[in-house]
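Protein chains in written order, with my numbering: chain A, -9 to 104; chain B, 352 to 470.
Glycine included, every Cβ here is placed at the ideal spot set by N, Cα and C.
Since this is a predicted model, take the numbers as computed values, not measurements.
Below: one structure, written as structure tokens.
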Amino acid sequence: QQQVKQSPQSLIVQKGGIPIINCAYENTAFDYFPWYQQFPGKGPALLIAIRPDVSEKKEGRFTISFNKSAKQFSLHIMDSQPGDSATYFCAASWGTSGTYKYIFGTGTRLKVLA
Amino acid sequence: EADIYQTPRYLVIGTGKKITLECSQTMGHDKMYWYQQDPGMELHLIHYSYGVNSTEKGDLSSESTVSRIRTEHFPLTLESARPSHTSQYLCASSENRGIGGGSDTGELFFGEGSRLTVL
């Protein structure tokens, strides 16, 4: 129940395509769902995040869609570019102040072809 | 850019050596973490700390140990390295999280990682 299941494991799209990465969870106590982006040789960095009281959040070309009843959320990258080629992790967090924790998905390697 | 630094970035050592991976952050965060990232990409929490003199083991069992004597510093030590310890080690820190859905989300800030190879 503490897992976040992420798919697909890898994804190749053409420039301008819209890759979609999906995540599913079981624990209804999760209340914060971030996506992290990791480039080779770097640590992950926060890309975009959502709370379960909204169904969609958009920041630039990146959009999170959230389906609370299905316990699923997904990342969409509009007009994808070769510079978006990276590994993407979904995550879920729960708890407050001093005791919150994170669970990460298994990651998706995205390659955007020029 | 997050102000969290890891050294060394790359380390190749022989079996049986003692190693310490350094992690420092200048953001004043109470919480710090060590993750192990395997070649399959997954991030596994191996240690965390909620403040000075507080350390806990994470979800993945690890032979490494950590200490938190100063807020900004969270080193990881392997007393006797083995080839099975070969991996990427990522340090992270976060601020306290807001209560009741506040804007403070406790974002994780990661260092660039220390890639350890044990021969």
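Would you decide whether B/Gly365 is buried or exposed? Buried here means 16 or more other CB atoms lie within 10 Å of its CB. Here residue 365 of chain B refers to the residue found at position 14 of the second sequence. So B/Gly365 ends up on the exposed side.
Please confirm if A/Ala35 has its CB atom under 8 Å from at least one CB of chain B. Reading the first sequence from its first residue, position 45 is the one you call residue 35 of chain A. For A/Ala35, the nearest CB of chain B lies under 8 Å from its own CB, placing it at the interface with that chain.
So is A/Gln(-8) buried or exposed if we call it buried at 16+ other beta carbons inside 10 Å? Start at 1 with the first residue of the first sequence, and residue -8 of chain A comes out as number 2. Exposed.
Name, please, each residue of chain E whose Cβ falls closer than 7 Å to the Cβ of A/Gly97. No chain E appears in this structure, whose protein chains are A and B.
Between A/Tyr26 and A/Ile8, what straight-line distance do the alpha-carbon atoms span, to the nearest angstrom? Here residue 26 of chain A corresponds to residue number 36 of the first sequence, with the count starting at 1. Here residue 8 of chain A corresponds to residue number 18 of the first sequence, with the count starting at 1. So the two alpha carbons sit approximately 18 Å from each other.
Select from A/Phe56, A/Glu16, A/Ile11 the residue whose C-alpha is nearest the C-alpha of A/Ala76. As a first step, residue 76 of chain A must be located in the first sequence, where it is residue number 86. Among A/Phe56, A/Glu16, A/Ile11, the Cα nearest to that of A/Ala76 is on A/Ile11.
Could you tell me whether the region 27 to 46 of chain A touches the region 363 to 379 of chain B, where touching means 3 or more Cβ pairs closer than 8 Å? Taking a cut-off of 8 Å for Cβ pairs, the region 27 to 46 of chain A and the region 363 to 379 of chain B do not touch, as fewer than three such pairs fall below it.
Near-chain A residues of the region 360 to 374 of chain B (beta-carbon distance less than 7 Å), N- to C-terminal order: Only those residues of the region 360 to 374 of chain B whose C-beta falls short of 7 Å from the nearest C-beta of chain A would be listed, and there are none.
Beta-carbon proximity list for B/Arg360, same chain, < 8 Å, skipping 5 on both sides: Position 9 of the second sequence, counted from the first residue, corresponds to residue 360 of chain B. Within the same chain, B/Arg360 has close Cβ partners Glu463, Gly464, Ser465, Arg466.
So is A/Tyr90 in contact with chain B if we call contact Cβ pairs under 8 Å? On the first sequence, residue 90 of chain A is found 100 positions in, with the first residue counted as 1. So yes, A/Tyr90 belongs to the interface.
With H, G and I counted as helix, E and B as strand and the rest as coil, what does DSSP make of A/Val102? Here the question's residue 102 of chain A lines up with position 112 in the first sequence. Assignment of A/Val102 by DSSP, reduced to helix, strand and coil, places it in the strand class.
Does any CB atom of chain A fall closer than 8 Å to the CB of B/Phe461? For the purposes of this step, residue 461 of chain B is identified with residue 110 of the second sequence, where counting begins at 1. Yes, B/Phe461 counts as interfacial toward chain A.
Along chain B, in chain order, which residues have C-beta atoms closer than 9 Å to that of A/Thr77? Your numbering for residue 77 of chain A matches position 87 in the first sequence. Correct list: Met392.
Quickly, what does DSSP pair A/Phe79 with across the bridge? List them, please. Here residue 79 of chain A is taken as the residue at index 89 of the first sequence, counted from 1. Paired residues: A/Tyr26.
Per-residue DSSP class, three states only, for A/His66: Taking the first residue of the first sequence as position 1, residue 66 of chain A is located at position 76. For A/His66, the secondary structure class from DSSP, reduced to helix, strand or coil, is strand.
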